[in-house]
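So the structure is just underneath, and the comments pick up after that.
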Amino acid sequence: DDPNEVLEEGAQIVADTNKKPIEMLGHVTSSYFSPNLNKSIALGVVRGGKKMLGQKLIIPMENKNINVTVSDPVFLDKENKRLNA
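If you're matching positions, the sequence shown starts at 20 in my numbering and goes up one per residue.
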């Protein structure tokens, strides 16, 4: 949930790092910092897809866990106002 954190592409996505073995729910497919939005954005594949919207998940990295939130993949100009301007 840190807007400056650019996730590592290919990183696993999990719900709980304390439950062993850790169950992988998906992975990060693409991640960049957006200068237009002034924050990082990422795409990933997550089991359950749309049912997971709003869920808090975790990207476990070597030195830390990164908290993320599953959000709608359409997050800019949902009403197509820019397209039809």
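Here a beta-carbon is modelled for each residue, glycine too, at the ideal position from N, C-alpha and C.
Subject >> Pairwise C-alpha distance: Ser90 and Gly73 >> reply: 6 Å
**OP:** Identify whether Gly68 lies in helix, strand or coil by the three-state DSSP scheme.
**Re:** helix
Original post:
What do you reckon, are the CB atoms on Asn23 and Ser59 nearer than 9 Å?
Top reply: yes
Original post:
Which value, in whole angstroms, describes the spacing of the CA atoms of Tyr51 and Val25?
Top reply: 6 Å
Original post:
Got a sec? Which residues, its chain only, sit under 8 Å from Pro92 by beta carbon, not counting five neighbours each side?
Top reply: Leu62
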